[in-house]
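Q: So the sequence shown is numbered by UniProt numbering: it starts at 41 and just counts up by one.
Glycine residues also receive a C-beta, built at the ideal position from the N, C-alpha and C atoms.
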Amino acid sequence: GMPAEVTIYEVGPRDGLQNEAQTIPTEVKVRLIDMLTDAGIKAIEATSFVSPKWVPQLADAKQVIAAMRKAPGVQYPVLTPNLKGLQGALEAGCREVAVFAAASEAFSRRNINCSVAESLKRFEEVVVAARKEGVAVRGYVSCAVGCPYQGHVDPGAAADVGAALYGMGCYEVSMADTIGVGTPASMERMLQATMQQIPVSKLAVHCHDTYGMAIANIAASLRLGVAVVDSSVAGLGGCPYARGATGNVATEDVLYLLDGYGIRHGISMDAVLAASEYISGALGRPNGSRVAKALLAR
Ligand code: HMG
Ligand code: MG
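1. Going by Cα to Cα distance, which pick from Val201, Gly207, Gly209, Ala225 is closest to Met215?
2. Between which two residues does the alpha helix (DSSP H) containing Tyr206 stretch?
3. Specify the secondary structure class of Met230 as computed by DSSP and reduced to three states.
4. If you reduce the DSSP assignment to three classes, tell me which class Val51 lands in.
5. If you draw a straight line from the C-alpha of Tyr206 to the C-alpha of Val181, how long is it?
6. Just tell me which of Val185, Leu243, Thr234, Ala244 has its CA closest to the CA of Thr223.
7. Could you give the residue range of the beta strand (DSSP E) that holds Leu147?
8. Tell me the rounded alpha-carbon separation between Glu136 and Glu212.
9. Which of helix, strand or coil does DSSP assign to Tyr189?
10. Gln237 to Ala203, Cα distance in whole Å?
11. Would you say the beta carbon of Lys124 comes nearer than 7 Å to a heavy atom of the ligand HMG?
12. What is the C-beta distance between Tyr49 and Val268, in whole angstroms, given that I count them as a contact (C-beta under 8 Å)?
13. Skipping 5 residues on each side, what residues in its chain have a beta carbon closer than 7 Å to that of Thr77?
14. Counting Cβ pairs, one atom from each stretch, are 3 or more of them under 8 Å apart for the region 283-301 and the region 255-263?
15. Using CA coordinates, which residue listed in His246, Glu158, Ser308, Ala169 is at the minimum distance from Lys124?
16. Return yes when at least one heavy atom of the ligand HMG lies under 7 Å from the C-beta of Gly128, else no.
17. Give me, in chain order, the residues of the same chain whose beta-carbon lies closer than 6 Å to that of Gln190; leave out the 5 immediate sequence neighbours on both sides.
18. Starting from the C-beta of Gly321, find all residues in its chain whose C-beta is less than 8 Å away, skip the five residues before and the five after it, and write them out in chain order.
19. Over the uninterrupted beta strand (DSSP E) stretch that includes Tyr180, give me the two end residues.
20. For the ligand HMG, is there a heavy atom less than 7 Å away from the beta-carbon of Gln103?
21. Between Pro121, Glu164, Glu292, Ala44, which has its C-alpha nearest Trp94's C-alpha?
22. Report the residue from Met230, Leu130, Asn59 whose alpha carbon sits nearest the alpha carbon of Ala176.
23. Output needed for Val240: all residues of its chain with C-beta closer than 7 Å, excluding positions within five of it in sequence on either side, in chain order.
24. So, helix, strand or coil for Phe89, using DSSP?
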């Protein structure tokens, strides 16, 4: 049934900003992270230790981690595609990292330049090395309900990749609708297949809102017992290797959904709105959250 409490895993500073064409100053990223910390969010994905040739926007990862405030009790995970990324993250003092596999071969090639099987081998090395340092590792399964290159993705294939990440020691696996093509029906099929291999308490969902289905998909996930939801302040985002995919579901929209169900989340909507207005202003674009627009217009 529905969880009494949900953890918001904020991805705005990473997933939200990774695809921006204009160079965002490090200070802006740091201020955004600090404002999200002030809002009471307990997991904030701060940046990525990936190749700067592949994702130039996050080339300042080290500087961001050094400058941002690290509040006690808050996790600031970073993406690490390989041992080199992990090494950078450890040197910067990160205590949590995330690895990202895909349920589709074509997407794996485009995003991390290797097959799914090769990526899992690489991620296992990262997980083993991270855990030796006492660093927690989260896993992602991209394209869990659809792929921009191959289209249909079998729920069993998504479940198998999730199970491989969980089996190698990821503490949680986030099942991602990378391009936002899922509906409650396809999300349910994918989650039901995944829950045969991973306890629902170890699952998160990561929804992009390309087709406007993200909130419906999250509601369906909550009904199946999922209690961790990835979201992005102001609905920032898009993946550089998934053309046409729009932003993640907005954090404000998820909070409004949770409030409607009376599900606890411990986050200040007003403080998230402040962060949301700040980053929208800094990027020079209208706020991408419907809930933010409605609340700010009152
Ligand atoms: P590659 O070119 O195959 O890597 O890229 P390589 O090992 O052959 O190395 C090539 C060069 O990159 C070398 O430098 C390495 O040192 C360097 P050179 O000798 O040419 O000067 N390099 C690195 N530099 C910094 N940090 C590193 C690193 N690794 C190698 N960690 C690689 C393979 C995985 C590195 C590359 O494809 C990559 O960085 N990909 C990242 C792509 C990415 O960040 N995508 C977006 C995040 S995933 C996402 O958004 C989905 C998600 O939100 C969930 C969802 O919605 O689905 C998570
Ligand atoms: Mg994403």
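A: Once the coordinates are examined:
1. Taking the first residue of the sequence shown as 1, we reach residue 215 at position 175. Among Val201, Gly207, Gly209, Ala225, the Cα nearest to that of Met215 is on Val201.
2. Translated into positions along the sequence shown, residue 206 becomes position 166. From DSSP, the alpha helix (DSSP H) with Tyr206 extends over 195-208.
3. Translated into positions along the sequence shown, residue 230 becomes position 190. It is helical.
4. As a first step, residue 51 must be located in the sequence shown, where it is residue number 11. It is coil, neither helix nor strand.
5. Indexing the sequence shown from 1 puts residue 206 at position 166. Indexing the sequence shown from 1 puts residue 181 at position 141. Going from the Cα of Tyr206 to the Cα of Val181 covers about 11 Å.
6. Residue numbering aside, residue 223 sits at position 183 when the sequence shown is read from its first letter. With distances taken between Cα atoms, Thr223 lies closest to Val185.
7. Residue 147 sits at position 107 when you count from the first residue of the sequence shown. For the sequence presented, residue 147 should be read as Phe rather than Leu. It is not in any beta strand (DSSP E) - Phe147 instead sits in the alpha helix (DSSP H) that spans 145-152.
8. The sequence position of residue 136 within the sequence shown is 96, counting from 1. The sequence position of residue 212 within the sequence shown is 172, counting from 1. Cα to Cα, Glu136 sits roughly 12 Å from Glu212.
9. Here residue 189 corresponds to residue number 149 of the sequence shown, with the count starting at 1. Three-state result, Tyr189: coil.
10. For this step, residue 237 is matched to residue 197 along the sequence shown. For this step, residue 203 is matched to residue 163 along the sequence shown. Cα to Cα, the separation comes out at about 6 Å.
11. The residue you call residue 124 lines up with position 84 of the sequence shown. Short note on Lys124: C-beta closer than 7 Å to some heavy atom of the ligand HMG.
12. Locating residue 49 in the sequence shown gives position 9, where the first residue counts as 1. Locating residue 268 in the sequence shown gives position 228, where the first residue counts as 1. Contact holds; Cβ gap of about 6 Å.
13. As a working mapping, residue 77 is identified with position 37 in the sequence shown. Cβ neighbours of Thr77 beyond the five flanking positions: Ile84, Arg109, Ala111, Val114.
14. Yes: at least three Cβ pairs fall under 8 Å.
15. Start at 1 with the first residue of the sequence shown, and residue 124 comes out as number 84. It is Ala169.
16. Locating residue 128 in the sequence shown gives position 88, counting from the first residue. Because some heavy atom of the ligand HMG lies under 7 Å away, the Cβ of Gly128 counts as near it: yes.
17. As a first step, residue 190 must be located in the sequence shown, where it is residue number 150. Answer for Gln190: Ser144, Ala146, listed in chain order.
18. As a first step, residue 321 is located in the sequence shown; it is residue number 281 there, counting from the start. Excluding residues within five positions, none has a Cβ falling inside 8 Å.
19. On the sequence shown, position 140 is the one that residue 180 refers to. Residues 176-182.
20. For the purposes of this step, residue 103 is taken as the residue at position 63 of the sequence shown. Flag unset: Cβ of Gln103 not near the ligand HMG.
21. The residue given as residue 94 occupies position 54 in the sequence shown. If we check each option's Cα against that of Trp94, Pro121 comes out closest.
22. The sequence position of residue 176 within the sequence shown is 136, counting from 1. Taking only the C-alpha atoms, the option nearest Ala176 is Leu130.
23. As a working mapping, residue 240 is identified with position 200 in the sequence shown. Answer for Val240: Leu264, Gly265, Val266, listed in chain order.
24. Counted from its first residue, the sequence shown places residue 89 at position 49. The answer is coil: DSSP assigns Phe89 none of H, G, I, E or B.
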